[in-house]
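Written below as C-alpha cells is the structure these notes are about.
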C-alpha cells in the first residue's frame, strides 16, 4: 500500500516537521486523518489497504510498514534485505504516537551523546553510520491500573544536636483514589525489555488514534507478546510511581522522607490498550555481535549499547600508567610484600569485574531479564513465579561483585596504613581471602559460561586465579632473596595485566548482544 | 678573688659541657649485644662513619633476644637513648632474623621510611651470608650518602613501579570507563505531567490521596558517634620510623 497525493498522484510520506502527509512530488500537505483506513478498534471504513509485511532476509525479523517503508535497515541485525512478504489486515493497534524527532535531529542528538562517551568506536559517530538510523514504531501495551490502599513508611528527624537525633518513624495508610493509566511495556518479543524501559517516557498527550498514514516511510514491529505478560509489572510500576509521587508531593511537605523499599500501594490491572511508539534504531554489527543505539522518537532521549574501542582504551591506559608511574617514583618505595598485596587487590577487583560482566553476558544470551522474550519461550514457571511476587519485592541479586569490592577495600586499607610491613601474617590473610573469593568467582563464572559461546570470561577469570595463586604462593613461601620475590611478583603482575586486557574484552562482549535469529518468530497478538 | 673563682668555675662547666657534647657527636655508638663484630671492625666503622654524627646521632645495635618486633625494639632503643633528638639506629636482630634502619625525631626527614627500606634491600644479602661487618658498613655508607644529599640506589624500584603503574593504569581506566557508562536510574513515569498538588489533593492527574491515617509513630533516639569532646591533647610525643628486611 502506498499513499498517493490527491492533487498530482505523487508519493506521500509522513512529514515529521509539519506533522502532516506531504507529497514528495508537488509538496502538497494533507492531514494524516484524511488517509484513514479500515481499523478494527475504531471501526472506521474508509478505503485504502492494510499494512504490508516485510521480512528481513538476514535475521528473519518481521515488520509492518507501507510500501514506502522499504528504504532502510533491519533494526535488529542492521541488514538491508527487507522483502515484502505479504499484507497485514489484522492490525489491532488503537493509538500511535507520531514521530516528533526527524532523522537529522536524531543523528545530531546521538552524535552529541556519543561525543561525551570515552573510547566509543569511531564508527559510531561517522555520518554514513548515523545515516542508517531507521524509524520504527514499536508496539506497546499501555496498562490501566486501579489503585487502592497505600502503605507508606517514612521517617522524619524531629530533633538533632551534636550528640543525638530524634527520628520519628511513621507508618501511614491512606486510600489512593483513581486509576493510573497508560503504564507502558513493549509488546515485541525482540525488543529488549531493558532498552524499552530506558527509552521511557513518552508523552501520552501526543498519541493519536491509529492510522497507517503515520507509518508511511517507517516500519512498525508487530505485537508478539501476550498482553497479560506484564500485568504484574504494570502493578508494581504503578505502585512505585505513586509511592514516589506521594513521597515527593505530599509527605515531603511535612518533612517525612518516604522509604520506597518498604512502601507500596495496592494495585490491580484493569485493562490495556495497544499503541505504537516511535523509535529511531541504529544497529552496529561486529562479527556475530550487534550493538543498538535507540533514540526516543518523541523526546529525543538516547539509549545506547556502548562498546569500547580497544585501541583508544589502550592509549588511555598508557597515559594513566605514565602519570601513575611518575607519582609512584616520587612517593612510593615498593617492597615485596606490598607489591604482592597490591597484586592481590588488583586480582580481587578484576575477579569482581569479570564476574559482573559475565553475568551481564549470560543475561543477554539467555534473555534472563526479558519477560517479553520469555513469554514466547515456554517459560510459564518463571512467569508464574514472577506473577506470584508481591509488588515491590525485588529479585535476588548476585552480590559477588560488591563483596569483591569490599574485600579489595579492606586489603587496600591494610596497605594504606602500612600494617603489612609488620610481617607476613596480614598479607597471608589477604592471600587466603583473595583465593577464597577467586575460587567462588570461578565457580560462578563457569556456571554462566555454559550459556555463553565466547570463551573470554572463563579465560579471564582463570588468568586472574593463576595470578592470585602465584601471588599467594610467593606470600606463603616468602623467599628471603629479593630476586625470587620480585621475579614472582613480576610474573604475577604480567599475568594480571594479560587478564585485565581479557577482562576489558569480556566487558566489551557484555556491551553488545548476540546477532538475533528470528526466523522462528510467530505473531502472538494481543 | 671570688670573681676569679666564679669565672674559673664557669669556664670549667662550659668545657665539661662542650667535651660531653663532642663525645656524643663525634662518634657512632656500637652496642654489639649479639657479638657479631670484632673490636677491629668496630673501630673501623667508628672511624669511617664519624662524619654522620655531624648530622645526627648514630648507633649500630645487634641483639639476639628481642621481645616483639624488630621495629618496636628499635623504637624503644631510640626513645631510651635519644629521646626526641635526631638519630639513626641500625639494628641487626638475630632473634627475628631481621635488619632494620630506624630514624628518630627529625632524622626521619633525612632518612625516610622508604630510604630505610631501600638501604636494607641493598644490604640484606650480606646479613644472609653472615658478613655483618659488610652489612653494617653498607648501611652506614648509604646513610652517610643520604646525609650528604646523594641518592640511594633502588635497582628494583623502577621496574616494580612500572609494572604496578601499568596494572593499576589499566584497572583505573577500566573502572572509570565502566562507571561513566553505567545507566542512571530514572523514573519511568509514563509522561504523565504532575499538576500542582497540596495535601490530600491530586497526586497525578486523575489520582488523589485520601486523608492519610498515621497508624503508628515510633520515636528513635539515635546517638551520634562522638567525634568531639575532651580537652586538647598533650603536647610532644615521639616521632620516628624506619624500614627493614629479613635475612
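Residue numbers (my numbering), protein chains in the order written: chain A, 1 to 526; chain B, 1001 to 1247.
A virtual CB, placed ideally from N, CA and C, is assigned to each residue, including glycine.
These numbers were taken from a predicted model, which means no experiment stands behind them.
### Task
Can you tell me which of 1105(B), 1166(B) and 1066(B) puts its alpha carbon nearest to the alpha carbon of residue 321(A)?
1166(B)
### Query
Going by Cα to Cα distance, which pick from 304(A), 363(A), 243(A) and 185(A) is closest to residue 448(A)?
363(A)
### Query
Cα separation between residue 265(A) and residue 150(A)?
4 Å
### Message
Could you tell me the alpha carbon to alpha carbon distance between residue 243(A) and residue 172(A), rounded to whole angstroms?
### Response
12 Å
### Task
Using a cut-off of 7 Å between C-beta atoms, extract the partners of residue 1157(B) located in chain A.
333 and 334
### Message
What residue range does the beta strand (DSSP E) around residue 281(A) cover?
### Response
264–286
### Query
Can you tell which of 492(A), 356(A) and 133(A) has its C-alpha closest to the C-alpha of residue 442(A)?
356(A)
### Query
Using 8 Å as the limit for Cβ to Cβ distance, is residue 346(A) near chain B?
yes
### Message
Determine, for residue 119(A), whether the minimum Cβ-Cβ distance to residues of chain B falls below 8 Å.
### Response
yes
### Short-range partners of chain B found in the region 485–501 of chain A, where Cβ spacing is below 8 Å
486, 489, 490, 493, 494, 496, 497, 500 and 501
### Message
Along the region 1142–1171 of chain B, where does the CB come closer than 8 Å to a CB of chain A? Name the residues.
### Response
1154, 1156, 1157, 1158, 1159, 1160, 1161, 1162, 1163, 1164, 1165, 1166, 1167, 1168, 1169, 1170 and 1171
### Task
Using a cut-off of 7 Å between C-beta atoms, extract the partners of residue 320(A) located in chain B.
1169, 1172 and 1173
#### Entry: Rounded distance between the beta-carbons of residue 339(A) and residue 1160(B), thought under 8 Å
6 Å
### Task
Show which residues of chain B have a CB atom less than 7 Å away from the CB atom of residue 198(A).
1183
#### Entry: Those residues which DSSP pairs with residue 151(A) across a bridge
173(A) and 264(A)
### Task
Name, please, each residue of chain B whose Cβ falls closer than 8 Å to the Cβ of residue 128(A).
Those do not exist, as residue 128(A) stays about 24 Å from chain B at its closest Cβ, beyond 8 Å.
#### Entry: Check whether residue 224(A) and residue 189(A) have beta carbons under 8 Å apart
yes
### Message
So if I threshold CB-CB distances at 7 Å, which residues from the region 1100–1131 of chain B count as touching chain A?
### Response
1114, 1117, 1118, 1121 and 1128
### Message
Our contact map puts residue 343(A) next to residue 496(A) with C-beta atoms below 8 Å; I'd like the distance itself, whole angstroms only.
### Response
6 Å
### Query
Where residue 1145(B) and residue 471(A) are concerned, what is the direct C-alpha to C-alpha distance, given to the nearest angstrom?
35 Å
#### Entry: Proximal residues to residue 228(A) (C-beta, below 7 Å), its chain only, five neighbours per side dropped
none
### Task
Name the one or two DSSP bridge partners that residue 1158(B) has.
DSSP lists no partner for residue 1158(B).
### Task
Select from 180(A), 159(A) and 445(A) the residue whose C-alpha is nearest the C-alpha of residue 168(A).
159(A)
### Task
Report yes if the C-beta distance between residue 182(A) and residue 142(A) is below 8 Å; otherwise report no.
yes
### Task
For residue 1178(B), return the contacting residues in chain A, with the cut-off set at a CB-CB distance below 7 Å.
507
### Opening and closing residue of the alpha helix (DSSP H) in which residue 78(A) lies
Residue 78(A) -> no alpha helix (DSSP H), and no H or E assigned at all.
### Query
Does the region 244–257 of chain A come close enough to the region 98–110 of chain A that 3 or more CB-CB pairs lie under 8 Å?
no
#### Entry: Which residues DSSP lists as bridging residue 1059(B), in chain order
1029(B) and 1089(B)
### Task
Measure the CB-CB distance between residue 1052(B) and residue 1043(B) and report whether it falls below 8 Å.
no
### Backbone secondary structure at residue 487(A) - three-state DSSP
helix
### Query
Does at least one heavy atom of the ligand PLP sit under 7 Å from the Cβ of residue 456(A)?
This structure simply doesn't include the ligand PLP, nor any ligand for that matter.
### Query
My guess is that residue 267(A) and residue 177(A) are in contact by the Cβ rule of under 8 Å, so how many angstroms apart are they, rounded?
Not quite, the Cβ-Cβ distance comes to about 13 Å (not below 8 Å), so this is no contact.
### Message
I'd like to check one pair, residue 185(A) with residue 233(A): are the Cβ atoms closer than 8 Å?
### Response
yes
#### Entry: Rounded straight-line distance, which links the Cα of residue 1040(B) to that of residue 1112(B)
30 Å
### Separation of residue 32(A) from residue 348(A), as counted between CA atoms
60 Å
### Query
Any idea if residue 453(A) is buried or exposed, counting beta-carbon neighbours within 10 angstroms, 16 or more meaning buried?
exposed
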